[in-house]
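Have a look at the structure below before the remarks.
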Amino acid sequence: MLLPRLSSLLCLAGLATLPVTSAYNGDENIKSIPLRLVLAPHLDFCLSFNANILVDLAQPYLDSDFQSRWFDFGGDTIIRADKYIRLTSDRPSQQGWIFSRVPLTATNWEIEVEFKIHGEGNLHGDGFAMWLTKQRATQGPVFGSTDNFEGLGIFFDTYKNNRPGTSFPYVMAMMGDGKTPYDQAHDGKANEVAGCSARGLRGASIPTKARLTYFQDKSLTLDLQYKSEDTWTNCFTLNAPETNIAIPAVSYLGFSAETGELSDNHDIISVKAQNLYSIGGSAGTGSGRGPSTNDRQDRARVKVPKEKGGWGWFLFKLLLFLGAVVGAYVGFTMYRTRQRYSRF
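With mature numbering (1 follows the signal peptide of the UniProt record, and there is no 0) applied, the sequence shown corresponds to residues -23 to -1, 1 to 321, in that order.
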């Protein structure tokens, strides 16, 4: 009976040390919670208590046993702990992937990815994909991952096969129903729900990033950083119910890449995720919508200063957590001592 109580106490105390919620990009009606399990590896058992936990990915990527607790990877993926996760190297006929082990079940969230596409020569391909799907960790023909997927695929396509009038690199979204294949012959034209040309995305001199924001039953927005640092360009904003943006309730976050006769390095540098919620409930399900298209585009063009964290409050909670751990340990030691003496 004591161990479950200790586990619950440690779980609650550990969650108390998470950073204080802050306004989401200056909007006081929407709050963000950065949830990074990598900061609290002792809270594995808390997963069952908090289904909205999102997992970040950052250097050194691997644990001490050269494995990742939260992600699986395979194919031709190479991990250099001090620099990047390389899905494919600049070599022909490669496929690589990395997928989360823990499903994403939050209803409103934002995922920011830093990546780098680069290589030798002027001819290159094929690109990489970001996934939020029911399927996970399955190698296949769609940018290194499985076809006929169910969920959301964001494709960063760097090689033009047969799509007249479109400038590449091209970034597009596809909502998979589990039955419809990706239109390989025409670079996904038949599947596209939204997209944008992003000339300069490959081989950029600044950190290239993608920011995907989702409000369930309301909006799905993709912003890109590739023109200049700290300047975001809106790629697309989709609103429900005009467009089907329903991501599976339980989906896995993943990335994959592929090279053919032409090749490139496709690197994932970092992934940051945060859970979003509205004080007034406007960001959840129900009437109303998330941020309007104009608001999103304004936010994409203007850098919003980040709020400073409350270090005093954080240290107080850290001390509270340490006190709870010490108290739990002392209590458990006394309990075991009492049990030992009760035998005589």
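Note that the Cβ used here is the ideal one computed from N, Cα and C, for glycine as well.
- The beta carbons of L34 and I56 sit no closer together than 8 Å.
- Per DSSP, the unbroken beta strand (DSSP E) holding P118 starts and ends at Q116 to V119.
- Per DSSP, K195 lies in no beta strand (DSSP E) and is assigned neither H nor E.
- C-alpha of E238 to C-alpha of S228: approximately 32 Å in a straight line.
- Here M152 is near L129, since their CB atoms are less than 8 Å apart.
- When the five nearest sequence neighbours on each side are left out, the beta carbons in the same chain lying within less than 8 Å of the beta carbon of G177 are those of Y203 and K204, in order along the chain.
- One thing to note: L253 has its Cβ within 8 Å of the Cβ of I7.
- Remark: C-beta atoms of F48 and R78 approach each other more closely than 8 Å.
- Beta-bridge pairing by DSSP links N221 to no other residue.
- In this structure, the alpha-carbon of G121 lies about 26 Å from that of A83.
- Short of 6 Å from the beta carbon of G117, and not among the five residues preceding or following it, lie these beta carbons of its own chain, in chain order: T123 and D124.
- Burial check for M149: the Cβ neighbour count within 10 Å reaches 16 or more, so the residue is buried.
- Per DSSP, reduced to three states, the secondary structure at V170 is coil, with no helix or strand assignment.
- In the three-state reduction of the DSSP assignment, K249 falls in the strand class.
- Burial is judged here by how many other beta carbons sit within 10 angstroms of a residue's own beta carbon; P218 has fewer than 16 and is exposed.
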